[in-house]
Amino acid sequence: MIKRSLSLSFLVLVFLAARPAEACDYCILSQGISPLETVKGAGIRVNERYTLLNSLYNGTHEVDNRSAKGLSAKEEYWTTEITGFYSVTQDATLLAMLPYKKTKMDGHFHVHKDGSYGWHADKGEQSGVGDVAVMGRYTFFKTHTIDATTSLAGLAGIKFATGKTDGKTEDGADYLDSHLQLGTGSTDFVLGFSMSHAVRRLSISANLLDVIPTEGKYGDTKHRFGNTLNYDITARWRVHPAELAPLSTQTFLSLGLNGELRGKEKENGVELANSGGHTIYLAPAVQVVA
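Listed below in structure tokens is the structure:
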């Protein structure tokens, strides 16, 4: 029997550490870094995610990103990610992810080639469908007792270049930075591993996801993101109901420690020195499964 469900998640990201970067380059973060759940059956999962970037760090040292008039550069990312899943067999699941994104820039803090910083009064925003991804998940190990369930699975997939990459600043003079575009302009490959362990109302999951990029573009500039390794470990507590019942609506609170390790990017074949690095952040969330 196939179980059908609807899952709604609301996620807020709290950054713990960052590294030198061009403004912000958390592109993969806004394309589905949320934990890959080990759900059986068929259904839809909706994740709502908001990210605000208004600070600049060189390693763990915060850099003043204000203009001469005291204005701060700010970037905002809203992402509504809809994931449909279907269990082909007891161990094999297909997933398709459709992100709807809104990005907004108010001021641009730029790192020059010589390492100096500069503030620009650029503004711009984009909204629309991002890059669609299709993935397959296979559970190769599973144990189940009266009180606990443990599973290990491998994942593989493709992210397609469906998001637009021609967004411009408010005055139409320049293209928005690659990280503010709705897509990457490239077809990328995804490999991953997931683990979950559930004991009654508490579950712990860990995920490792490697995104292998190809060359894309934004505007008329060729661009290639660096290889990206995403990881997370998340604890989830079922708030309601205390005793699980068939067809009941479930509410969860979760807290995750997530990370993103990025390789250097390239523009027109030239490596960008102020790109890549390692970011760690907390991810508290509320989830409702109906």
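Numbering-wise, the working numbering puts 831 at position 176 of the sequence shown, and it's gapless, one number per residue. Each residue gets a CB set at the ideal place from its N, CA and C atoms; glycine is no exception.
Counting along the chain, R891 sits inside the beta strand (DSSP E) bounded by residues T883 to H895. Of the candidates F907, Y741 and L863, the residue whose Cα lies closest to the Cα of W892 is F907. Proximity of the region 845-860 to the region 869-884 falls short of the contact definition, fewer than three beta-carbon pairs being nearer than 8 Å.
Inter-residue distance for K757 and S833 is about 14 Å (C-alpha atoms, whole angstroms).
By the CB criterion at 8 Å, D786 and F740 fall outside the cutoff. With 16 or more other Cβ atoms inside 10 Å of its own Cβ, E915 counts as buried. In the three-state reduction of the DSSP assignment, S833 falls in the helix class. Relative to the Cα of N923, the nearest Cα in the group T804, T876, V866 and G809 belongs to T876. G847 counts as buried, since at least 16 other C-beta atoms from the protein chains shown sit within 10 angstroms of its C-beta.
Taking one beta carbon from each stretch, the region 824-840 and the region 793-813 have fewer than 3 pairs nearer than 8 Å; the two do not touch. Each residue's CA atom was taken as its position, placing L864 and I801 some 31 Å apart. Per the coordinates, the alpha-carbon of T904 lies some 30 Å from the alpha-carbon of Y732. Taking each of G779, T805 and L750 in turn and checking the Cα distance to H852, the smallest one comes out for T805.
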